[in-house]
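Note that my numbering gives residue 361 to position 380 of the sequence shown, counting from 1, and the numbers run on in steps of one. Idealized CB from N, CA, C, for every residue including glycine. Taking it in order: structure first as structure tokens, then the write-up.
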Amino acid sequence: MFTDLPLLSVLMWLPILGGVWVLIIGDKQASLVRPIALIISLLTFLLSLPLFFSFDTTTAVMQFSEKLSWIPAFGINYHLGVDGISMPLIILTTFTSVLIILAGWEVIKNKVSQYMAAFLIMEGLINGVFASLDAVLFYVLWESMLIPMFLLIGIWGGPNRIYATIKFFLYTFFGSVLMLIALLYLSFQTNSFAILDFHSLQIPLEAQIWIFLAFLVAFAVKVPMWPVHTWLPDAHVEAPTGGSVILAAIMLKMGGYGFLRFSLPITPDASSKLDWLIISMSLIAIVYISFVAIVQKDMKKLIAYSSISHMGFATLGFFISFMIYKNTGSIDGGVMAMEGGMVQMISHGFISGALFLCVGVLYDRMHSREIADYGGVANVMPRFAMFVVFFAMANAGLPATSGFVGEFLVILAAFKANFWIAFAAATIMILGASYTLWMVKRVIFGKIGNDKVAALQDINKRELLILSVLAAMVLLFGIFPAPLLEVMDATVQNLVQHMLQSKVPL
């Protein structure tokens, strides 16, 4: 029923055009801007649900495809489609965007129309990135998405926002230029800009390595992976709450998506030869960055470093498949690892977004993110404290939360590759609990820290709704992850089989 409708175009253009409309209305009618932005984001989310409910889980082919000639002289097409990897990320984007609009409802009082427009436009661009099947379209949307994020941090950010925005832009732009060079090389080899044509291209190993490294820089910056992660804590600290949520919940996932859509299927031989590099970088992110998180004094920085560490699980799951196949001769372990990485990305979107929203709740009341400025918040904000403890437990990988499922699958699969890799990855379960619960102890529990804390008001109905919805999602996928795993299974199996059809001995 829905497969014949241009749903993907609607999901891309509805929020973009809605953002332009909101921008035209302007700040003089701020009371009108907020409900319009909410209606547009809510409508976009509702229209994204048929992608899930009408999705054929038995095939790895692209679904809901749309293709129109865009620049015929160069063979560039407006080509959209989704599979079991991209579809969940689009729904995560539309879901999170509704909560971001709600979170900024009362908090943003300056340039409201521009703020709402920036998020709506960014939502549409990100949906387009996940749905693009043409390299030029993908690159244009990938780069365009930097503009609203740049403005969000630069206009509504903290005192060091200019430094943070420039650092964020330079890191991501440099990586994107290398990606463009790789995409142009691939287009010359195939006489096409179709990403699926790139997947079937036979490329010599030496060329694959160079292409892989170009993609690695672009996607590692976006994840971000160690050692190109330093822009993220600065961007998070200076960004407004909504900016931090979309950065952690959605934009980091674009790097992981890039590995799955480009690096692994286009350069499987290079990915196999250099899997040790990504595994090493992932393990450093998981373990070392956890220690960095422990010593943070700023709550946002702590959660930002936590994001780097948890995303290390995703990249570990994506690239450990080759090592598992070498040891077992079966693709089952690789499928488990990759699905675990995907679940970790989705789960991290819910949990990290929730934690940044919790920090935003406190910051809106006390205008401080310093852990030392708090203490005993549970005494005056019991409902809020309940949510913070729950999301902290999920961040530490508590069973029955979504934070446990992805990490468990990756660790379980890693044992089939190498015991010590699995052991090193499993330390995050301890380290994650250490820095997360220590923050909770100092901020939430104990005696009331000062008069400002004593004067705090518990969360209102709007904040309760936002945090309740996120808590429900974390519980749902923690207790019953099967629907998510079923959606991605055929696509992941096809990808792993393609990766392992390598001319280079594994």
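Proximity below 9 Å, CB of residue i to CB of residue j
i           : j           : result
residue 327 : residue 387 : yes
residue 448 : residue 339 : yes
residue 455 : residue 335 : yes
residue 445 : residue 320 : no
residue 205 : residue 239 : no
residue 43  : residue 241 : no
residue 114 : residue 62  : yes
residue 116 : residue 167 : yes
residue 184 : residue 170 : yes
residue 93  : residue 15  : yes
residue 408 : residue 376 : no
residue 247 : residue 162 : no
residue 71  : residue 111 : yes
residue 480 : residue 245 : yes
residue 366 : residue 322 : no
residue 374 : residue 243 : no
residue 81  : residue 267 : no
residue 107 : residue 231 : yes
Nearest-angstrom Cα separation, counted from residue j out to residue i
i           : j           : result
residue -7  : residue 105 : 4 Å
residue 485 : residue 250 : Model confidence at residue 485 stands at a pLDDT of 43, short of 50, so the residue's coordinates are unreliable; what they give is reported in the following sentence. Approximately 6 Å between the Cα atoms of the pair.
residue 218 : residue 139 : 7 Å
residue 201 : residue 123 : 14 Å
residue 207 : residue 291 : 12 Å
residue 311 : residue 403 : 18 Å
residue 346 : residue 379 : 29 Å
residue 51  : residue 57  : 6 Å
residue 468 : residue 33  : 8 Å
residue 83  : residue 17  : 12 Å
residue 199 : residue 154 : 8 Å
residue 567 : residue 146 : The question about residue 567 has no answer, for the chain in this structure spans -18 to 487.
residue 151 : residue 143 : 12 Å
residue 148 : residue 131 : 10 Å
residue 53  : residue 59  : 10 Å
residue 382 : residue 457 : 8 Å
residue 406 : residue 426 : 30 Å
residue 318 : residue 12  : 48 Å
residue 262 : residue 289 : 11 Å
residue 79  : residue 21  : 9 Å
residue 348 : residue 429 : 17 Å
residue 309 : residue 478 : 14 Å
residue 196 : residue 354 : 42 Å
residue 333 : residue 222 : 12 Å
residue -10 : residue 67  : 15 Å
residue 276 : residue -4  : 40 Å
residue 362 : residue 371 : 14 Å
residue 344 : residue 188 : 50 Å
residue 8   : residue 432 : 36 Å
residue -13 : residue 331 : 28 Å
residue 459 : residue 69  : 16 Å
residue 368 : residue 452 : 8 Å
Beta bridge counterpart(s) of residue i as assigned by DSSP
i           : result
residue 58  : 50
residue 351 : 279
residue 189 : In the DSSP output, where bridge partners are listed per residue, residue 189 has none listed.
residue 113 : 61
residue 10  : DSSP, once it has assigned bridges, lists no residue as partnering residue 10.
residue 436 : Residue 436 pairs with nothing; no bridge assigned.
residue 325 : BP columns for residue 325 are empty, so no partner.
residue 44  : 63
Residue i - containing alpha helix (DSSP H), residue span
i           : result
residue 470 : 463 to 481
residue 250 : 249 to 254
residue 382 : Taken as a continuous stretch (DSSP letters only), residue 382 belongs to no alpha helix (DSSP H), as it is neither H nor E.
residue 217 : 212 to 219
residue 308 : 302 to 309
residue 139 : No alpha helix (DSSP H) contains residue 139, which DSSP labels as neither H nor E.
residue 67  : 67 to 84
residue 452 : 442 to 460
residue 179 : 176 to 180
residue 356 : Neither: residue 356 is in no alpha helix (DSSP H) and is coded neither H nor E.
residue 233 : 233 to 239
residue 223 : 222 to 227
Original post:
With contact counted as at least three CB pairs below 8 Å, one residue from each stretch, are the segment 11 to 31 and the segment 69 to 81 in contact?
Top reply: The answer is yes - the segment 69 to 81 touches the segment 11 to 31, with three or more Cβ pairs under 8 Å.
Original post:
Between the segment 357 to 365 and the segment 280 to 292, do three or more beta carbon pairs fall short of 8 Å?
Top reply: These segments do not touch.
Subject >> Cβ contact (3+ pairs, closer than 8 Å) linking the segment 406 to 419 and the segment 265 to 272 >> reply: yes
Original post:
Would you call the segment 436 to 445 and the segment 283 to 301 touching, i.e. three or more CB-CB distances under 8 Å?
Top reply: no
Original post:
Does the pairing of the segment 285 to 303 with the segment 252 to 266 give three or more beta-carbon distances under 8 Å?
Top reply: yes
Original post:
Would you call the segment 99 to 116 and the segment 30 to 40 in contact, with 3 or more CB pairs under 8 Å?
Top reply: no
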